[in-house]
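Take a look at the structure below.
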Amino acid sequence: VCTRAQSARQWRAVFDVDDLTEATRTCLEESEPRQAVRDVLERAVARPEDVLRQLRPETAGITLLHHTPELTIIHVVWAPGMRLDAHDHRMWAVIGIYAGRELNEFYRRPADRAPGLVPSGDRQLDERDVIMLGSETIHAVTNPLTVPTGAIHIYGGDFVHQPRSQWLDPDLVEEPYDFARTNETFARANAGWRG
Ligand SMILES: [Fe+2]
83 VCTRAQSARQ WRAVFDVDDL TEATRTCLEE SEPRQAVRDV LERAVARPED VLRQLRPETA
143 GITLLHHTPE LTIIHVVWAP GMRLDAHDHR MWAVIGIYAG RELNEFYRRP ADRAPGLVPS
203 GDRQLDERDV IMLGSETIHA VTNPLTVPTG AIHIYGGDFV HQPRSQWLDP DLVEEPYDFA
263 RTNETFARAN AGWRG
């Protein structure tokens with residue numbers, strides 16, 4: 083566990099975004115920040131009902147909780163059944179689930195530099211689960227449930243402005259990541275969810 087973060091401020095019994103942000107910021111000073119952040123996020127989602135009370139997963143979308151050049155913390159709500167096409171981040175990431183389920187499908191670039199992507203396994207994440215992603219990770223995310231999924235994603239960099247890539251179904255051709263398209267995906271998912 084991120085000991086300096088603990089000593090810097092008593093972690094409240096109840097989940098609090100400011101406490102999470104401060105603990106995570108302190109982790110950046112450690113030799114293995116990603117592992118320290120994982121420990122902090124594991125503690126946060128270990129009591130998912132506390133997180134649920136603070137971050138209500140009522141509208142699908144991405145909400146910035148903290149955003150600096152070296153650290154981005156977002157609240158992600160996945161509408162029932164929605165899927166976000168394959169993309170990379172080009173920085174480490176730690177994902178924690180406090181409600182519902184995320185299905186992460188992983189991909190890698192073909193060894194021969196051919197176009198497209200090669201599937202490389204998947205990982206189902208449920209309440210209390212936390213995973214670390216490397217800066218090379220390429221994944222697509224689906225909420226396979228008929229209820230919303232709530233997650234906290236923490237990135238070791240500027241998630242908003244970092245140039246990166248997306249690979250759209252079905253051809254999986256690499257192209258620049260387009261946040262406007264992501265927003266449209268969430269808007270469509272909300273319309274379907276509410277409709
Ligand atoms: Fe992602």
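Residue numbers (my numbering): 83 to 277. Ideal Cβ positions, reconstructed from N, Cα and C, are used throughout, including at glycine. Predicted model, so just to flag it, every value in this text is computed and none were measured.
Assuming residue i contacts residue j under a Cβ cut-off of 8 Å, what Cβ separation, rounded to an integer in Å, is found between them?
i           : j           : result
residue 210 : residue 151 : That belief does not hold up - the Cβ atoms of residue 210 and residue 151 are roughly 30 Å apart, past 8 Å.
residue 232 : residue 139 : 4 Å
residue 103 : residue 148 : 5 Å
residue 123 : residue 212 : 5 Å
residue 142 : residue 268 : 5 Å
residue 175 : residue 215 : 4 Å
residue 167 : residue 118 : Wrong, their Cβ atoms sit about 31 Å apart, outside the cutoff.
Quick check on residue i: does DSSP put it in helix, strand or coil?
i           : result
residue 203 : strand
residue 208 : strand
residue 228 : coil
residue 116 : helix
residue 187 : strand
residue 170 : strand
residue 136 : helix
residue 242 : coil
residue 264 : helix
residue 283 : This structure does not reach residue 283, given that the chain is present from 83 up to 277, and the question cannot be answered.
residue 258 : strand
residue 178 : strand
residue 274 : helix
residue 219 : coil
What does the Cβ neighbour count give for residue i, buried or exposed, with the cut at 16 atoms within 10 Å?
i           : result
residue 243 : exposed
residue 206 : exposed
residue 90  : Note that residue 90 has pLDDT 45, beneath the 50 cutoff, so the model's placement of it is unreliable and the number below is only indicative. Burial call: exposed.
residue 116 : buried
residue 120 : buried
residue 196 : exposed
residue 163 : exposed
residue 181 : buried
Quick one, are the C-beta atoms of residue i and residue j less than 8 Å apart?
i           : j           : result
residue 220 : residue 188 : yes
residue 259 : residue 276 : no
residue 183 : residue 227 : yes
residue 217 : residue 157 : no
residue 204 : residue 185 : yes
residue 161 : residue 274 : yes
residue 159 : residue 230 : yes
Heavy atom of ligand 3 less than 7 Å from the Cβ of residue i, yes or no?
i           : result
residue 223 : Absence of ligand 3 from the depicted structure is noted, with ligand 1 being the only ligands included.
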